[in-house]
Amino acid sequence: METKLDKNRMEKVRRRCNFVNGIEVAAEGSKGGLCLAWKEEIRVTLRNFSRWHIDVLIKEDNVEEWRYTGFYGSPYTKDKNAVWNILRRLDQEVEYPWLVIGDFNEILYSFEKSGGIQRDNKRMKAFRETSEECQLTDIGFSGVWFTWERGNLPETNIRERFDRGVANKKWSKLFPLGILQHLPYSTSDHCPLLLTIKKSPLFKENRKFHFEACWTMEEDIEMVIRDSWEANEGMLLKKLGKLQSCLAEWSRQNRKNNEGLKRKLLKDLEVMLEGELNDDSLAKIIDTKIHLNLEIDKDEMFWKQRARQNWLKLGDKNSAFFHRCALARRKANTISKLVMEEERVIEEESDILVEASSFFKIFSSQMERKILARKEEIQIALEGMGPTKAPGADGFPALFFQRYWHIVGQDVTDYCLGILNNAQDFGDFNNTDIVLIPKVPNPTQLVNFRPISLCTVVYKVVAKAIANRLQKIIDKCIDEVQSAFVPGRLITDNVLLAYEILHTIKQKRTGKKGVMVVKLDMTKAYDRVEWKLLKDVMNKMGFACEWVELLKRCFSSVNYAVNIKGTRGNLFKPSRGLRQGDPLSPFLFLICSEGLSSLMRTAKRQGLVKGAKASRRGPAISHLLFADDCILFGEASAKGAEILKGILKDYENCSGQCVNFSKSTIFFSPNTSEDRKEAVSNLLGVRVVVNPEKYLGLLNMVGRKKRESFQKLLDSISQRIEGWSNRILSLGGKEMESIFAQFWWQKGKGRKGIDWCQRAHLCRSKSEGGLGFCNMAQFNIAMLAKQGWRLLGNPTSLVSRVFKAKYFPTSYFLYSQLGNRNSYVWRSIWAARGILEKGLIWKVGTGTSISIDNDAWVPNLVNSRLLSSFTGLNDSKVDVLINGQNREWNKEMVENTFEAAEAEMILRIPLGKFPHDDILAWRGEPTGVLSVKSSYKLLQRYDPSAYAIQPDYIDFYKKLWCIDLPTKVKINMWKASWNYLPTRVNLHHKKLISDTSCPRCGLETKTMTHLFKECPISVEMWSYLSEVKLMQDSNVDFKQWLTSSIALLSLDVCRFFCGALWAIWGDRNARVHQKRGKTGQEITMFVRNYIKELDDVKHRATKAPKVVTRWKHPPFSFVKINFDGAYDVKNQSSLQVSWPEMVKGKFLTGNTLAHMLATDTLRKKEELYLEGRVPAFAEIVRRNESIREPG
C-alpha cells in the first residue's frame, strides 16, 4: 500500500500492529512509500524491491513455496511505461506460483469506472497488454465493485477499480479457492483488500452417482448397461437404481484398471521411439499412439462436461482450455461462507447446507380436450435436450438416454405415456436438486444466489412434450406486450419498442402533463408464483380440465433437496413457486404474468392508465414485459402513481409476486416539474434516474457519443477473447474485427504476430479463399434486415404498428422515408432497406399488387426485374397478363410483349388454381422467409470491395475444406495457398531477417516451390511417398502446382498430399527452432503413420448404434401408394397427387386412389394419417414419411 510515511515512522506503525517482521520503502516527500509486514510463523525471503514494488518468496507449512509481489502503479502518465516495464522484468524471473496485489492506479476496461471523463483507451490497453505478456489474470473479488472513490456529490462522484489481485496459472492452481475481499472503508479513498487462501482439492469425488460422458467411449459400457437392464424387472425407477449401482461398481473397477495408463503409454511410446525402427516396432508405435489419443479424448470429454463450454468443438485437443474453464466455473460457484442475520458467519459445509435448505423452504411455503401423447413426441422431446446438461437426482444426463435409447427407450416411453395419457404419478422422478448459482462474484448472502433446479431427464421428457404442445397455442393466450417464450415474438421486439418510446419521451419538452417510465425489479419472481392463481387463470383462459390437472401434477408433485458440492440436504415439499430449469416453467410464468397484463388492460379501458405513445397516430402502450422484466408507462402525477401502485398491490396479493421498489427505477420526460418528480418518487418509493438504465441487457438510449455508448461492448469482447489463449486452444463494427484478427495472428498470449492479410480477407467465405470470419458491419446490417423483414411480414404485430404509425403511415416499409427527428433505431433499420430490396421477390397470386416494370417478380433474371423495353404496359400490374377465367398466363400477350427469353421465364411461373394475395418472399431461402445467414451472404455478394476469384480456385478451396484431416492441417494448407507462411523469404520481405537461404539444404530460395517441392529432402520424401503421383511440370508456380494437384487427386490421396506438405513445414520448423530434422524417408513414414493413426482412431471410436428402417417392396397382391397433400376445409378439396408405384413389375397410376385417401383422412384432421381407418376398397401398406423410396 502507499504509506506516504518515512521509513522510521512506518516501522513504528507496523510494530504497533503487532507485526515484528517487515520491509519498508520510504516515501518521497508526501508521495509513495511501501510496507510489507508478516507474522513470525511465516517464512518470507526478500527478492528485490523498488519505489514501485516489493517482491518476496513465501513459505508456509505443507504448502509449496510461492511468490508474492506488492505493487504500486504510478498515478502519473509519464511514469506508466516505466512501471509496466518493472512488471515485465519481474515476469522474466517467474518459476514459482506468482501473485501480484496492489494499487495499480489503472483500470483494464471502461466498465471499471463510474463517473467523470471516460478513460483513455490507450492507457487501458497498455495495462491489458502488460498483464497478457506476464500471463497474469485477475483472481476476482467479493464485495463492492469499485475500490477507489472521490467526490461526495452525485455530479462529482468518481469511482474506479484501481486495486486488484492478479496471478499466474500456477498460483491459481495451487490456491483454487483463494478469495480477495474488498472490505468497507471510511478514512481512506481506497478500500482495504483481504486475501484468504485455502489449499483444498477442487474436484473431490462426487458423493452421488453421476453418469460421465466419457464413459460412452469405453468399449464395454454398452454391454454393462444392457446386461443390467435386461437382468432387472419392475418399474423404471427401480431399473435405473439397479443400473446406478452396477455402473458405480464398473466405474470403480475401470478406474482401478486404468490408473496410470496414460503415463505408462507415454513412457512406452518414448522407449519405442528411441529404439530401432522396423515394421513390428512401427506397428506397436501406431497402436500405442491410438490408445494414448483415446485416453486424451476421454480426458477432454471429462473436462468439457464440467466446463459447460458448448461453443467449442470437441475432439480438437482442447483439454487444457476445458480444464481451465472448469476450474474457473467451480471457483465461481463455490460457497465458502454465508453471512446470516446479526452478522453471524457460517463456514462449515453442513451448516451452509442446513441454512440454504431452510431459506428456500420458507420461500416455498408462503384449448385442447385431451393430451393423447404419442411415442414420437417422447423421442422428439428427448432429442431436443442438451446431451451433457447437468443431470437430476438420479445422476443420468440426457446423453445416457440418447446414446442407449435402443436399450432403455421402450421402458422410458411407456412410463412417460402413462403419466401423460393415464394420469400415472411421477413418483421419485419429480424429486429435484437445487443448486445455487451466484448472481454476483463471491456472494455471502443467500438472496444473492439463483436457485437452479436439476430435474430428472424422465420428468423433463414429459414436461418438454407438454411444452411442445403449449408452444403451438401460447400466442393466443398471452398479451402482445409479452415477448418472451412466445413463438413469432423476439426479445428485440420489446427492445425496439422501449427504445422508440423512450426516444419520444425524451423529446417531450413542452406540455403540462409529463410521462413517467417505471422499470420494476421483481424479487424471486419464479419462487413466489402461487399455484392457485395458475389454476384459476388457466381455467379462465379455457384450458380443458385434463390439461389443468396434468400441469398441476407437474408443478405440485415436486420435492426439493438443496445440493451443495455434491451433498444433498433433506427433501422438503413446496406449496408455491416454479422451477428454474423446468421446461414448463417459462410458459407457466407467462400465464401468471398475464394477470398483470389483464389488470393493466382493464385500467386502460377504464381510462385510469393512458400509457405512452411513440407517435400521435400510434397505439398507446401501458407496459412491456419480457418474462419478469417489466416497464410501466403512465402519467407523471401523484394520481398516476397511486393507480400504478394499486395495480401492483393487487397483482402481488393474487400472484405472490413482490416488487422490490428499492431496486426499481423511474425516468421522467423533460417537461415534468421537479415537484412532481419528487412526489411520484416518494409515493412509489423508487429511485429517479437521469437516463434510463439498460433494458434486457441493451442500451435504452444512444446519443451523439456513440463510441462511448458502445465502449463497454468492445471491452466485454476484449475481456472474453483475452480469456482464451492459442497456447491452450487448438488453431482450429471494424474494431471488433480488429480484436478478432489480432487474436488469430498472435503467437501466444501477449505475443503479437504478423498480420499476413487484411481483415476483410479473413471474412470471405471458405469457398472464396477466406476463413469465414464474420464481417461485423455486414452482419449488423443482416440482423437489421431481419428487423425490416419482420416489419414487412408481421404488419399486425405491436412493434410493426408502432413503427408504421410513426414513420410510414400511408405506405409500407420498402417505400418509407427516413424522416425528421428519427430515432437511432429507425435510422439503423432503415439503412438495411437496400439489402431487402435486392433480396425480395414477389410470388404471383392475383397479380394486382405487382408492378410489371418496377417490382421484382420474375425468377432467374438479374435482380428479378424485366430488362427489355415494352410499350403499352408501363405502370401496369401483373394481373393484366393473367387469364382470370382459367388461372393461366395469357400466352399470346406475354409472347407478343416481351422478348423470347423473358417470355419463356414468365410462362414458367406457376399459378395457383385458386386466386390468392400476392406474397413478398425472400429469394435466398427455399422457404421464402428471410434469415440472417442468407441476407449476410447476399451482402457479401454485393460487397464492392470484394474481389473476384477464379473458378479453379473456388473448386480448390471447396475441396480443401472437405478433406478428412484435422483443422490445423487444412489451415496450414490455406496459409500455404496464399503464401502466408513465415518462410525466410517472406520474413525477408517484411524486413525482419536478411538470410533467405533454405534452413534444410542451405541453398538460396526465392519461392515456396523450393521448400515443398525442389529441396533435396522434399524430393526424397516425394519419391518415397508412392501414394501420391505429382505433376512433373516444373514451369508452374507453387499455387498452380498446389491447386492442380488437389484438383487431380482423389479425396483419399489428398489426405496424404496435405499431410506431406504439413510434415515438410513441421520438419522445417524443427530445424529452425530445435536444430533437429528428419530425412525424406522418415518424413514419409511419419505421414503414413499419421494417416493410419487417424483412420484407426476413427474406426475404434464407439458410436451409438442407429436403428435404420429400410424401404421394403410391398408384398404380393398389395398396393402401396406414396402421397402427400393438403386439405382445404373451406372449399372441401384436396391437393391432387400422382406417384406411380410398381406392383408385379408394372407401374400403376395412383392418382385417383391417393386423392380419395388424402381427402378422407385430411378432412378428419387426423394427425396419424390412415391410423385405424383404412378404407375397405383398398389394402394399404402404410409408410412412414421419413423413409425414402429407392432412386
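Going left to right, the sequence shown walks through residues 1 to 1191 as UniProt numbering numbers them.
Note that beta-carbon positions come from the ideal geometry of N, C-alpha and C, so glycine has one too.
Distance between V481 and T796, taken at the CA atoms: about 13 Å. Under the three-state reduction of DSSP, D475 is assigned to helix.
Under the DSSP assignment, P438 falls outside any alpha helix (DSSP H), being part of the beta strand (DSSP E) whose first and last residues are 431-438.
Per the coordinates, the alpha-carbon of W52 lies some 6 Å from the alpha-carbon of F71.
Between V447 and N563 a beta carbon distance of about 19 Å is seen, past the 8 Å cut, so the two are scored as non-contacting.
Between D189 and E155 the beta-carbon gap is near 18 Å, outside 8 Å, which marks them as no contact. Taken through DSSP and simplified to helix, strand or coil, Q482 comes out as strand. For V518, the enclosing beta strand (DSSP E) stretches over residues 515-520. By the 16-neighbour rule on beta-carbons within 10 angstroms, V271 is exposed. Nearest in C-alpha terms to W889, of all of E899, G912, R764, is G912.
Note that the C-beta distance between K289 and L269 is below 8 Å. Bridge partners of I882 according to DSSP: W889.
A residue is called buried once 16 or more other Cβ atoms fall within 10 Å of its Cβ, and C17, having fewer, is exposed. Distance check between K508 and each of P391, S669, G646, K1039 places S669 closest, using alpha-carbon atoms only. P966 sits in coil when the DSSP states are folded into three classes, being neither helix nor strand. The continuous beta strand (DSSP E) containing Q181 extends over residues 179-182. Taking the Cβ atoms as the reference, L195 lies roughly 7 Å from G178, within the contact range of under 8 Å. The shortest CA-to-CA distance from D55 to any of P97, L550, E274 is the one to P97. A direct Cα-to-Cα measurement between F19 and T137 gives close to 30 Å.
Around the beta-carbon of E65, fewer than 16 other beta-carbon atoms lie within 10 Å, marking it exposed.
The Cβ-Cβ distance between F813 and L792 falls below 8 Å.
Leaving aside the five residues that flank K877 on each side, the residues in its chain whose CB is nearer than 8 Å to its CB run, in chain order, G847, T848, S849, I850, S851, I852. Assignment of beta-bridge partners to C658 by DSSP yields no partner. In this structure, F209 keeps its C-beta atom at 8 Å or more from the C-beta atom of D715. The continuous alpha helix (DSSP H) containing K262 extends over residues 261-274. Contact between T1079 and E1014 is ruled out by a C-beta separation of about 17 Å, above the 8 Å threshold. In terms of Cβ geometry, C35 and T3 form a close pair [threshold 8 Å]. Residue pairing by DSSP places C35 opposite E24 in a beta bridge. Its chain contains A614, S615, G618 as the residues whose beta carbon lies nearer than 6 Å to that of K806, once the 5 sequence neighbours on both sides are disregarded; these appear in chain order. Per DSSP, the unbroken beta strand (DSSP E) holding I564 starts and ends at 559-564. Going by DSSP, W857 is part of no beta strand (DSSP E) at all; its letter is neither H nor E. Annotated as proximal: S622 and M600, with beta-carbon spacing under 8 Å. Linking P391 to N559 through their CA atoms gives a straight-line distance of about 16 Å. Under the criterion of beta carbons closer than 8 Å, M10 and G33 qualify as touching, at roughly 7 Å. Rounded to the nearest angstrom, the gap between the Cα atoms of K512 and I781 is 40 Å. At least 8 Å separates the beta-carbon of I285 from that of D1096.
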